[in-house]
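In our numbering, the protein residues as written are 137 to 577.
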(Lines of atoms letter the chains of each structure in order from A and count residues from 1; the text may use other names and numbers.)
(Lines give C-alpha, C1' and ligand atoms only; values in the text may rest on other atoms or scores of the structure.)
Protein backbone atom coordinates (compact mmCIF):
# COMPACT_ATOMS: atom_id res chain seq x y z
CA UNK A 1 0.00 0.00 0.00
CA UNK A 2 1.35 3.39 -0.98
CA UNK A 3 2.09 5.84 1.78
CA UNK A 4 0.33 9.18 1.55
CA UNK A 5 2.15 12.43 2.24
CA UNK A 6 0.30 12.91 5.58
CA UNK A 7 1.22 9.34 6.59
CA UNK A 8 4.89 9.99 5.80
CA UNK A 9 4.78 13.26 7.73
CA UNK A 10 3.31 11.46 10.73
CA UNK A 11 5.93 8.70 10.56
CA UNK A 12 8.75 11.23 10.48
CA UNK A 13 7.27 13.34 13.25
CA UNK A 14 6.77 10.56 15.77
CA UNK A 15 10.16 8.86 15.23
CA UNK A 16 13.29 9.81 17.13
CA UNK A 17 16.69 10.21 15.50
CA UNK A 18 17.57 6.54 16.07
CA UNK A 19 14.30 5.15 14.70
CA UNK A 20 14.48 7.41 11.67
CA UNK A 21 17.42 5.34 10.43
CA UNK A 22 14.91 2.53 9.81
CA UNK A 23 11.88 4.69 9.02
CA UNK A 24 13.50 6.65 6.18
CA UNK A 25 14.63 3.51 4.24
CA UNK A 26 11.08 2.18 4.68
CA UNK A 27 9.69 5.39 3.17
CA UNK A 28 12.23 5.26 0.33
CA UNK A 29 11.20 1.68 -0.45
CA UNK A 30 7.52 2.56 -0.52
CA UNK A 31 7.97 5.62 -2.73
CA UNK A 32 10.08 3.68 -5.23
CA UNK A 33 7.88 0.59 -5.37
CA UNK A 34 4.78 2.73 -6.01
CA UNK A 35 6.70 5.25 -8.18
CA UNK A 36 5.42 8.29 -6.28
CA UNK A 37 7.44 10.90 -8.14
CA UNK A 38 5.48 14.02 -7.24
CA UNK A 39 4.23 15.62 -4.08
CA UNK A 40 5.71 16.82 -0.85
CA UNK A 41 8.38 14.07 -0.67
CA UNK A 42 9.41 13.99 -4.32
CA UNK A 43 12.99 14.71 -3.19
CA UNK A 44 13.06 11.38 -1.36
CA UNK A 45 11.88 9.58 -4.48
CA UNK A 46 14.49 11.45 -6.50
CA UNK A 47 17.24 10.35 -4.08
CA UNK A 48 16.51 6.64 -4.36
CA UNK A 49 15.68 6.86 -8.08
CA UNK A 50 19.07 8.38 -8.87
CA UNK A 51 20.81 5.84 -6.64
CA UNK A 52 19.06 2.85 -8.20
CA UNK A 53 19.81 4.06 -11.72
CA UNK A 54 23.54 4.57 -11.35
CA UNK A 55 23.87 8.15 -10.10
CA UNK A 56 24.86 7.31 -6.54
CA UNK A 57 26.60 10.63 -5.90
CA UNK A 58 23.55 12.76 -6.69
CA UNK A 59 21.19 10.41 -4.85
CA UNK A 60 23.42 10.51 -1.79
CA UNK A 61 23.62 14.34 -1.88
CA UNK A 62 19.83 14.72 -2.08
CA UNK A 63 19.28 12.38 0.86
CA UNK A 64 22.02 14.06 2.91
CA UNK A 65 20.21 17.37 2.54
CA UNK A 66 16.97 15.77 3.68
CA UNK A 67 18.29 13.94 6.75
CA UNK A 68 20.16 17.06 7.86
CA UNK A 69 16.72 18.49 8.70
CA UNK A 70 16.44 15.72 11.30
CA UNK A 71 19.97 16.18 12.68
CA UNK A 72 21.18 12.85 11.27
CA UNK A 73 24.86 12.62 10.32
CA UNK A 74 25.40 12.95 6.57
CA UNK A 75 27.38 9.70 6.23
CA UNK A 76 24.28 7.73 7.23
CA UNK A 77 22.57 8.72 3.98
CA UNK A 78 24.62 6.16 2.08
CA UNK A 79 23.77 3.49 4.65
CA UNK A 80 20.07 4.17 4.12
CA UNK A 81 20.36 4.08 0.34
CA UNK A 82 22.29 0.79 0.41
CA UNK A 83 19.74 -0.77 2.78
CA UNK A 84 16.90 0.39 0.54
CA UNK A 85 18.54 -0.99 -2.59
CA UNK A 86 19.02 -4.40 -0.94
CA UNK A 87 15.33 -4.51 -0.09
CA UNK A 88 14.21 -3.40 -3.54
CA UNK A 89 16.32 -6.06 -5.22
CA UNK A 90 14.94 -8.67 -2.82
CA UNK A 91 11.48 -7.40 -3.80
CA UNK A 92 12.29 -8.26 -7.41
CA UNK A 93 12.75 -4.83 -8.97
CA UNK A 94 15.25 -4.14 -11.77
CA UNK A 95 14.89 -7.74 -13.04
CA UNK A 96 17.41 -7.31 -15.85
CA UNK A 97 20.19 -6.66 -13.31
CA UNK A 98 18.77 -8.52 -10.33
CA UNK A 99 20.65 -11.65 -9.24
CA UNK A 100 17.58 -12.81 -7.31
CA UNK A 101 15.87 -13.25 -10.68
CA UNK A 102 18.74 -13.80 -13.13
CA UNK A 103 20.72 -16.53 -11.35
CA UNK A 104 19.93 -20.06 -10.29
CA UNK A 105 20.04 -20.65 -6.55
CA UNK A 106 23.35 -22.51 -6.90
CA UNK A 107 25.08 -19.68 -8.77
CA UNK A 108 23.49 -17.07 -6.53
CA UNK A 109 25.04 -18.78 -3.50
CA UNK A 110 28.42 -19.22 -5.18
CA UNK A 111 28.52 -15.62 -6.41
CA UNK A 112 27.99 -14.41 -2.84
CA UNK A 113 30.19 -16.98 -1.13
CA UNK A 114 32.59 -14.28 0.11
CA UNK A 115 29.88 -13.00 2.43
CA UNK A 116 29.54 -14.27 5.98
CA UNK A 117 27.10 -17.12 6.55
CA UNK A 118 24.67 -14.88 8.44
CA UNK A 119 24.44 -12.35 5.59
CA UNK A 120 24.22 -15.07 2.94
CA UNK A 121 21.53 -16.88 4.95
CA UNK A 122 19.30 -13.78 4.76
CA UNK A 123 19.96 -13.46 1.04
CA UNK A 124 19.00 -17.09 0.46
CA UNK A 125 15.79 -16.46 2.41
CA UNK A 126 15.10 -13.47 0.15
CA UNK A 127 15.75 -15.58 -2.96
CA UNK A 128 13.31 -18.30 -1.89
CA UNK A 129 10.72 -15.79 -0.65
CA UNK A 130 10.75 -13.94 -3.99
CA UNK A 131 10.41 -17.15 -5.98
CA UNK A 132 7.38 -18.14 -3.89
CA UNK A 133 5.85 -14.68 -4.28
CA UNK A 134 6.28 -14.85 -8.05
CA UNK A 135 5.27 -18.53 -8.18
CA UNK A 136 8.52 -19.16 -10.03
CA UNK A 137 10.06 -22.64 -10.00
CA UNK A 138 13.55 -23.03 -8.55
CA UNK A 139 15.69 -26.06 -7.75
CA UNK A 140 15.44 -26.00 -3.97
CA UNK A 141 17.96 -28.87 -3.70
CA UNK A 142 20.65 -26.35 -4.66
CA UNK A 143 20.35 -24.88 -1.17
CA UNK A 144 22.74 -27.70 -0.19
CA UNK A 145 25.59 -25.46 -1.35
CA UNK A 146 24.74 -23.14 1.53
CA UNK A 147 24.43 -25.84 4.23
CA UNK A 148 28.15 -26.65 4.04
CA UNK A 149 29.30 -23.03 4.10
CA UNK A 150 31.88 -21.92 6.67
CA UNK A 151 29.98 -20.74 9.75
CA UNK A 152 30.39 -17.11 10.84
CA UNK A 153 30.26 -17.43 14.58
CA UNK A 154 32.81 -20.04 15.49
CA UNK A 155 33.44 -22.75 12.95
CA UNK A 156 35.84 -25.18 14.59
CA UNK A 157 36.63 -27.02 11.37
CA UNK A 158 39.68 -24.84 10.60
CA UNK A 159 41.50 -25.24 13.91
CA UNK A 160 44.44 -27.13 12.41
CA UNK A 161 44.49 -25.23 9.13
CA UNK A 162 47.88 -23.64 9.87
CA UNK A 163 49.49 -27.07 10.25
CA UNK A 164 47.83 -28.39 7.10
CA UNK A 165 48.89 -25.44 4.99
CA UNK A 166 52.52 -25.68 6.07
CA UNK A 167 52.71 -29.37 5.18
CA UNK A 168 51.13 -28.84 1.76
CA UNK A 169 53.59 -25.98 1.20
CA UNK A 170 56.50 -28.29 1.98
CA UNK A 171 55.11 -30.71 -0.61
CA UNK A 172 54.88 -27.91 -3.22
CA UNK A 173 51.11 -27.99 -3.55
CA UNK A 174 50.64 -24.38 -2.43
CA UNK A 175 52.70 -21.29 -1.65
CA UNK A 176 52.84 -18.96 1.39
CA UNK A 177 51.07 -16.13 -0.45
CA UNK A 178 47.95 -18.21 -1.05
CA UNK A 179 48.13 -19.72 2.44
CA UNK A 180 48.13 -16.31 4.12
CA UNK A 181 45.33 -15.09 1.84
CA UNK A 182 43.18 -18.06 2.90
CA UNK A 183 43.93 -17.54 6.59
CA UNK A 184 43.12 -13.85 6.24
CA UNK A 185 39.85 -14.68 4.50
CA UNK A 186 38.83 -17.01 7.32
CA UNK A 187 39.78 -14.52 10.02
CA UNK A 188 37.87 -11.72 8.29
CA UNK A 189 34.59 -13.65 8.14
CA UNK A 190 34.91 -15.22 11.60
CA UNK A 191 33.28 -13.43 14.51
CA UNK A 192 35.63 -15.13 16.95
CA UNK A 193 37.80 -18.16 17.44
CA UNK A 194 40.68 -17.62 15.00
CA UNK A 195 42.61 -14.69 16.44
CA UNK A 196 45.77 -16.79 16.77
CA UNK A 197 45.59 -18.63 13.45
CA UNK A 198 47.94 -16.41 11.45
CA UNK A 199 50.45 -16.14 14.30
CA UNK A 200 50.46 -19.93 14.66
CA UNK A 201 51.06 -20.29 10.92
CA UNK A 202 53.91 -17.76 10.97
CA UNK A 203 55.66 -19.55 13.85
CA UNK A 204 55.96 -22.69 11.72
CA UNK A 205 58.34 -20.78 9.43
CA UNK A 206 61.78 -19.24 9.98
CA UNK A 207 61.63 -15.71 11.35
CA UNK A 208 62.48 -14.17 7.97
CA UNK A 209 58.92 -14.87 6.83
CA UNK A 210 58.30 -11.45 8.39
CA UNK A 211 60.08 -9.88 5.39
CA UNK A 212 57.88 -11.84 2.97
CA UNK A 213 54.69 -10.72 4.73
CA UNK A 214 55.78 -7.10 4.84
CA UNK A 215 56.57 -7.13 1.11
CA UNK A 216 53.32 -8.81 0.03
CA UNK A 217 50.66 -7.63 2.47
CA UNK A 218 49.46 -4.47 4.16
CA UNK A 219 49.89 -5.19 7.87
CA UNK A 220 46.74 -3.19 8.60
CA UNK A 221 44.72 -5.80 6.68
CA UNK A 222 46.00 -8.75 8.71
CA UNK A 223 44.49 -10.02 11.94
CA UNK A 224 47.40 -10.84 14.22
CA UNK A 225 48.86 -9.85 17.57
CA UNK A 226 52.39 -9.18 16.30
CA UNK A 227 53.92 -8.86 19.75
CA UNK A 228 52.77 -12.38 20.68
CA UNK A 229 55.33 -13.73 18.21
CA UNK A 230 58.65 -15.07 19.57
CA UNK A 231 61.49 -12.63 20.17
CA UNK A 232 63.44 -13.47 17.00
CA UNK A 233 60.37 -12.61 14.91
CA UNK A 234 59.84 -9.34 16.80
CA UNK A 235 63.47 -8.44 16.07
CA UNK A 236 62.63 -8.45 12.35
CA UNK A 237 59.42 -6.42 12.54
CA UNK A 238 59.70 -3.21 10.51
CA UNK A 239 58.98 0.04 12.33
CA UNK A 240 55.50 0.50 10.89
CA UNK A 241 54.32 -2.93 12.08
CA UNK A 242 55.95 -2.76 15.51
CA UNK A 243 54.69 0.73 16.24
CA UNK A 244 51.16 -0.11 15.10
CA UNK A 245 51.16 -3.19 17.35
CA UNK A 246 52.54 -1.29 20.35
CA UNK A 247 50.10 1.58 19.86
CA UNK A 248 47.27 -0.94 19.84
CA UNK A 249 48.33 -2.27 23.24
CA UNK A 250 48.73 1.25 24.63
CA UNK A 251 45.22 2.18 23.47
CA UNK A 252 43.74 -0.97 24.98
CA UNK A 253 45.20 -0.14 28.39
CA UNK A 254 45.00 3.66 28.19
CA UNK A 255 42.51 3.92 31.06
CA UNK A 256 44.46 2.26 33.88
CA UNK A 257 47.93 2.37 32.26
CA UNK A 258 48.53 -1.29 33.21
CA UNK A 259 49.80 -3.64 30.51
CA UNK A 260 49.49 -7.37 31.16
CA UNK A 261 52.89 -9.04 31.25
CA UNK A 262 51.88 -11.62 28.67
CA UNK A 263 51.11 -8.85 26.14
CA UNK A 264 54.73 -7.66 25.99
CA UNK A 265 56.73 -10.56 27.45
CA UNK A 266 58.30 -11.36 24.08
CA UNK A 267 59.28 -7.74 23.50
CA UNK A 268 61.39 -7.85 26.65
CA UNK A 269 64.70 -9.33 25.55
CA UNK A 270 64.13 -8.35 21.93
CA UNK A 271 65.84 -5.55 20.03
CA UNK A 272 62.73 -3.48 20.74
CA UNK A 273 63.01 -3.72 24.54
CA UNK A 274 64.45 -0.24 25.08
CA UNK A 275 61.82 1.29 22.81
CA UNK A 276 59.09 -0.37 24.86
CA UNK A 277 60.60 0.79 28.15
CA UNK A 278 61.02 4.33 26.85
CA UNK A 279 57.40 4.59 25.68
CA UNK A 280 56.09 3.11 28.93
CA UNK A 281 58.11 5.57 31.00
CA UNK A 282 57.10 8.52 28.84
CA UNK A 283 53.37 7.84 29.15
CA UNK A 284 53.31 6.36 32.66
CA UNK A 285 52.49 2.73 31.84
CA UNK A 286 53.34 -0.19 34.12
CA UNK A 287 53.44 -3.96 33.67
CA UNK A 288 50.66 -5.84 35.45
CA UNK A 289 52.04 -9.10 36.89
CA UNK A 290 50.88 -11.74 39.35
CA UNK A 291 52.30 -11.73 42.89
CA UNK A 292 55.15 -14.17 43.53
CA UNK A 293 55.41 -15.08 39.85
CA UNK A 294 58.85 -15.78 38.33
CA UNK A 295 58.30 -12.84 35.97
CA UNK A 296 58.86 -10.42 38.87
CA UNK A 297 62.58 -11.16 38.85
CA UNK A 298 62.76 -10.51 35.10
CA UNK A 299 61.06 -7.13 35.47
CA UNK A 300 63.28 -6.11 38.37
CA UNK A 301 66.44 -7.06 36.47
CA UNK A 302 65.29 -5.04 33.48
CA UNK A 303 64.27 -2.05 35.62
CA UNK A 304 60.72 -2.07 34.29
CA UNK A 305 58.04 -0.39 36.39
CA UNK A 306 55.36 -2.88 37.42
CA UNK A 307 52.36 -3.41 39.66
CA UNK A 308 51.29 -6.76 41.13
CA UNK A 309 47.93 -8.42 41.56
CA UNK A 310 47.03 -11.39 43.81
CA UNK A 311 47.06 -14.91 42.42
CA UNK A 312 43.65 -16.14 41.35
CA UNK A 313 42.75 -18.91 43.79
CA UNK A 314 40.55 -20.71 41.30
CA UNK A 315 43.26 -20.86 38.63
CA UNK A 316 45.75 -22.04 41.24
CA UNK A 317 43.46 -24.90 42.19
CA UNK A 318 43.00 -25.79 38.52
CA UNK A 319 46.72 -26.47 38.07
CA UNK A 320 47.25 -30.20 38.00
CA UNK A 321 50.09 -32.69 37.98
CA UNK A 322 50.70 -35.61 35.63
CA UNK A 323 48.91 -38.15 37.82
CA UNK A 324 45.71 -36.13 38.12
CA UNK A 325 45.71 -35.35 34.41
CA UNK A 326 46.19 -39.03 33.62
CA UNK A 327 43.12 -39.90 35.70
CA UNK A 328 41.12 -37.38 33.69
CA UNK A 329 42.25 -38.90 30.38
CA UNK A 330 44.61 -36.02 29.59
CA UNK A 331 48.27 -36.20 28.59
CA UNK A 332 50.71 -33.44 27.64
CA UNK A 333 54.34 -33.31 26.54
CA UNK A 334 55.36 -32.47 30.09
CA UNK A 335 53.99 -35.84 31.21
CA UNK A 336 56.97 -37.59 29.62
CA UNK A 337 58.08 -39.12 32.94
CA UNK A 338 54.65 -40.58 33.62
CA UNK A 339 54.42 -42.04 30.11
CA UNK A 340 57.73 -43.82 30.64
CA UNK A 341 56.85 -44.87 34.18
CA UNK A 342 53.63 -46.52 33.05
CA UNK A 343 55.30 -47.90 29.90
CA UNK A 344 52.55 -46.45 27.73
CA UNK A 345 52.72 -47.36 24.07
CA UNK A 346 52.33 -44.81 21.29
CA UNK A 347 48.86 -46.13 20.53
CA UNK A 348 47.95 -45.89 24.24
CA UNK A 349 48.95 -42.24 24.33
CA UNK A 350 46.83 -41.62 21.22
CA UNK A 351 43.69 -42.40 23.20
CA UNK A 352 44.26 -39.46 25.55
CA UNK A 353 43.18 -35.88 24.90
CA UNK A 354 44.46 -32.43 25.77
CA UNK A 355 42.93 -30.16 28.41
CA UNK A 356 40.21 -29.15 25.93
CA UNK A 357 39.33 -32.80 25.29
CA UNK A 358 40.56 -32.66 21.69
CA UNK A 359 41.87 -35.83 20.07
CA UNK A 360 45.36 -35.96 18.55
CA UNK A 361 45.85 -32.38 19.72
CA UNK A 362 49.59 -32.59 20.44
CA UNK A 363 51.57 -34.09 17.59
CA UNK A 364 54.82 -33.36 19.44
CA UNK A 365 54.04 -35.90 22.15
CA UNK A 366 54.60 -38.69 19.62
CA UNK A 367 58.24 -37.64 19.30
CA UNK A 368 58.73 -39.53 22.57
CA UNK A 369 58.57 -42.66 20.41
CA UNK A 370 60.79 -43.78 17.55
CA UNK A 371 59.77 -43.23 13.95
CA UNK A 372 59.81 -46.98 13.43
CA UNK A 373 57.30 -47.38 16.26
CA UNK A 374 54.99 -44.71 14.85
CA UNK A 375 55.17 -46.19 11.35
CA UNK A 376 54.38 -49.65 12.66
CA UNK A 377 51.42 -48.53 14.76
CA UNK A 378 50.06 -45.58 12.79
CA UNK A 379 46.69 -47.19 12.03
CA UNK A 380 46.14 -48.11 15.67
CA UNK A 381 47.26 -44.62 16.74
CA UNK A 382 44.72 -42.97 14.46
CA UNK A 383 42.00 -45.42 15.47
CA UNK A 384 42.51 -44.97 19.21
CA UNK A 385 42.63 -41.19 18.82
CA UNK A 386 39.35 -41.22 16.93
CA UNK A 387 37.45 -43.37 19.44
CA UNK A 388 38.94 -41.82 22.58
CA UNK A 389 36.32 -40.80 25.12
CA UNK A 390 36.00 -38.35 27.99
CA UNK A 391 35.30 -40.61 30.94
CA UNK A 392 33.66 -37.89 33.03
CA UNK A 393 31.24 -36.93 30.25
CA UNK A 394 31.00 -40.31 28.51
CA UNK A 395 31.39 -38.71 25.10
CA UNK A 396 34.00 -38.91 22.38
CA UNK A 397 36.93 -36.52 22.16
CA UNK A 398 36.61 -33.56 19.82
CA UNK A 399 38.10 -34.14 16.35
CA UNK A 400 38.57 -30.59 15.09
CA UNK A 401 42.38 -30.67 15.41
CA UNK A 402 42.62 -34.29 14.25
CA UNK A 403 42.93 -33.80 10.44
CA UNK A 404 45.85 -31.35 10.53
CA UNK A 405 47.80 -33.22 13.18
CA UNK A 406 47.17 -36.50 11.40
CA UNK A 407 49.15 -35.09 8.48
CA UNK A 408 51.76 -33.65 10.85
CA UNK A 409 52.42 -37.03 12.50
CA UNK A 410 52.59 -38.74 9.11
CA UNK A 411 55.01 -36.11 7.81
CA UNK A 412 57.19 -36.08 10.95
CA UNK A 413 57.61 -39.83 10.78
CA UNK A 414 58.12 -40.05 7.01
CA UNK A 415 55.17 -42.34 6.44
CA UNK A 416 54.39 -42.85 2.76
CA UNK A 417 50.91 -41.68 1.76
CA UNK A 418 49.20 -40.38 -1.36
CA UNK A 419 49.65 -36.64 -0.72
CA UNK A 420 47.88 -35.59 -3.96
CA UNK A 421 44.81 -37.47 -2.76
CA UNK A 422 44.95 -35.75 0.64
CA UNK A 423 45.37 -32.37 -1.04
CA UNK A 424 42.41 -33.04 -3.32
CA UNK A 425 40.32 -33.87 -0.27
CA UNK A 426 41.48 -30.64 1.36
CA UNK A 427 40.53 -28.48 -1.63
CA UNK A 428 37.14 -30.18 -1.92
CA UNK A 429 36.54 -29.40 1.75
CA UNK A 430 37.39 -25.73 1.13
CA UNK A 431 35.07 -25.64 -1.88
CA UNK A 432 32.23 -27.12 0.17
CA UNK A 433 32.94 -24.49 2.82
CA UNK A 434 32.67 -21.83 0.07
CA UNK A 435 36.21 -20.66 0.76
CA UNK A 436 38.90 -19.82 -1.78
CA UNK A 437 40.61 -23.03 -2.91
CA UNK A 438 42.60 -21.52 -5.81
CA UNK A 439 46.13 -22.14 -4.56
CA UNK A 440 47.90 -21.89 -7.89
CA UNK A 441 48.62 -18.70 -9.85
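Where is the CB? At the ideal position from N, CA and C, for every residue including glycine.
Give me the Cα-Cα distance between residue i and residue j, rounded to the nearest whole angstrom.
i           : j           : result
residue 312 : residue 190 : 40 angstroms
residue 372 : residue 350 : 10 angstroms
residue 194 : residue 201 : 11 angstroms
residue 420 : residue 398 : 18 angstroms
residue 457 : residue 501 : 17 angstroms
residue 355 : residue 316 : 12 angstroms
residue 348 : residue 251 : 28 angstroms
residue 210 : residue 140 : 26 angstroms
residue 150 : residue 166 : 18 angstroms
residue 564 : residue 386 : 43 angstroms
residue 572 : residue 226 : 26 angstroms
residue 281 : residue 338 : 32 angstroms
residue 111 : residue 425 : Since the first and last residues shown for the chain are 137 and 577, residue 111 lies out of range.
residue 243 : residue 188 : 23 angstroms
Taking the alpha carbon of residue i as the point to measure from, which residue in the options has its own alpha carbon closest?
i           : options               : result
residue 288 : 301, 304, 321 and 198 : 321
residue 404 : 252, 369, 560 and 150 : 369
residue 336 : 308, 347, 317 and 365 : 365
residue 491 : 301, 461 and 512      : 461
residue 263 : 236, 508 and 172      : 236
residue 402 : 378, 390, 418 and 392 : 378
residue 121 : 173, 159, 140 and 154 : With the chain represented from 137 up to 577, any question about residue 121 goes unanswered, as that position is not in the structure.
residue 522 : 352, 508, 513 and 538 : 538
residue 507 : 552, 475, 207 and 479 : 552
residue 295 : 557, 171, 327 and 497 : 497
residue 292 : 326, 222, 485 and 357 : 326
residue 476 : 464, 459 and 413      : 459
Go through its chain and collect everything with a Cβ distance to residue i's Cβ below 8 angstroms, but skip five positions before and after it.
i           : result
residue 499 : 299, 541, 544, 545 and 548
residue 427 : 444, 445, 446 and 447
residue 186 : 192, 194, 195 and 198
residue 177 : 141, 144, 163 and 167
residue 514 : 545, 546, 549 and 551
residue 393 : 419, 420, 421 and 422
Which whole-angstrom value describes the C-beta separation of residue i and residue j, a residue pair presumed to lie in contact below a C-beta threshold of 8 angstroms?
i           : j           : result
residue 467 : residue 495 : Residue 467 to residue 495, Cβ: 12 angstroms. No contact.
residue 214 : residue 196 : 5 angstroms
residue 359 : residue 314 : The pair is not a contact, with the Cβ atoms about 17 angstroms apart (cut-off 8 angstroms).
residue 333 : residue 297 : 7 angstroms
Using 8 angstroms as the threshold, is the C-beta distance between residue i and residue j below it?
i           : j           : result
residue 224 : residue 168 : yes
residue 228 : residue 270 : yes
residue 363 : residue 400 : yes
residue 518 : residue 472 : no
residue 275 : residue 220 : no
residue 520 : residue 493 : no
residue 153 : residue 206 : yes
Kindly list the residues whose CB is nearer than 6 angstroms to the CB of residue i, restricted to its own chain and excluding five residues on each side of it in sequence; keep chain order.
i           : result
residue 532 : 525
residue 570 : 249 and 285
residue 487 : 520 and 524
residue 256 : 248
residue 301 : 315
In chain order, what residues of the same chain lie with their CB nearer than 7 angstroms to the CB of residue i, ignoring the 5 residues before and after it?
i           : result
residue 436 : none
residue 204 : 210
residue 267 : 274
residue 307 : 555
residue 408 : 370 and 378
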